[in-house]
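Numbering (the working numbering), first residue to last: 1 to 77.
All C-beta atoms in this analysis are idealised placements derived from N, C-alpha and C, irrespective of residue type, glycine included.
All of these numbers come straight from a predicted model, not from anything done at the bench.
Reading through the structure tokens given below for one structure.
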Amino acid sequence: MTMLKTLRPQDYDEVVYVGHFFRKGLPVVMDLTGMSDADAKPLLDFAVGLVFGRRGDMERIAPKVFLLVPSGVVINA
């Protein structure tokens, strides 16, 4: 069973945790609902670059909530 890490960053400084867990091979739910659109955009840009660079996958699962899946990890819904 694949563990899933849910993160609710409050500012850009917390994006390091998204990268940390993703690089360890854990799928990450990044919940940006507590942030303004302007504050959330740099985190989303980081996540897109991270996923692309590591050949993973990213999916929006709700408004301002994103699932980042590392390469080779399968999520059964």
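(message) Taking 9 Å as the threshold (beta carbon to beta carbon), is VAL28 in contact with chain D?
(response) Here chain D cannot be found, since the structure has a single protein chain.
(request) List in chain order: all unbroken beta strand (DSSP E) runs of 3+ residues lying wholly within the stretch 15-61. (result) 28-31
(message) Give me the DSSP bridge partner(s) of VAL65.
(response) Your numbering for residue 65 matches position 65 in the sequence shown. According to DSSP, which records beta bridges pairwise, VAL65 is partnered with ASP31 and ALA62.
(request) Name, in chain order, the residues that DSSP records as bridge partners for LEU7. (result) The residue given as residue 7 occupies position 7 in the sequence shown. Looking at the DSSP assignment, LEU7 forms a beta bridge with MET30.
(message) Please return the same chain residues whose Cβ sits closer than 6 Å to the Cβ of PRO42, not counting the five positions on each side in sequence.
(response) Translated into the one-based positions of the sequence shown, residue 42 becomes position 42. For PRO42, where only same-chain residues beyond five positions count, the Cβ hits under 6 Å are TYR12.
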